[in-house]
Amino acid sequence: MDEQTRRRVFQKVKTFSNHKFWNWMNYMHSRAYAKAAQHYEEAMGIVLQPKQAAAVKSKAKEIREKWDGMSTITIDDTEGTEFQSLGV
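For the sequence shown, my numbering begins at 5 and goes up steadily by one.
Following this line, the structure appears as structure tokens:
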């Protein structure tokens with residue numbers, strides 16, 4: 005994204021109501037979460053056997069939905085959590 009596009013997005017976001025802003029933030033947050041899940045699934049597809057990868061995906065879904073109660077990912081659900089590089 006170039007600087008001009010960033011400025012346009014920023015200007016657009018500044019016009020949002022409080023409700024619309026948080027809906028947009030949750031949408032963007034969900035996109036980032038989905039991309040992270042895609043990265044992990046691709047990595048598991050390379051390193052793990054299909055049966056092992058399926059077990060990990062199933063357990064991750066269980067943890068997200070049953071343990072954390074997050075059937076939909078929102079900003080509130082992950083407040084205070086930051087990405088930690090794995091040193092790769």
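Cβ coordinates follow ideal geometry from the N, Cα and C atoms, glycine included.
- M74 sits away from V60, with the two beta carbons spaced by 8 Å or more.
- DSSP places I67 within a helical segment (H, G or I) once states are collapsed to three.
- In this structure V17 is in contact with W28, their Cβ atoms being roughly 7 Å apart against a cut-off of 8 Å.
- DSSP, reduced to helix, strand and coil, places M48 within a helical segment of the structure shown.
- D80 carries a helical assignment under DSSP once its states are collapsed to helix, strand and coil.
- Straight across, the Cα-Cα distance linking M32 with A38 is about 10 Å.
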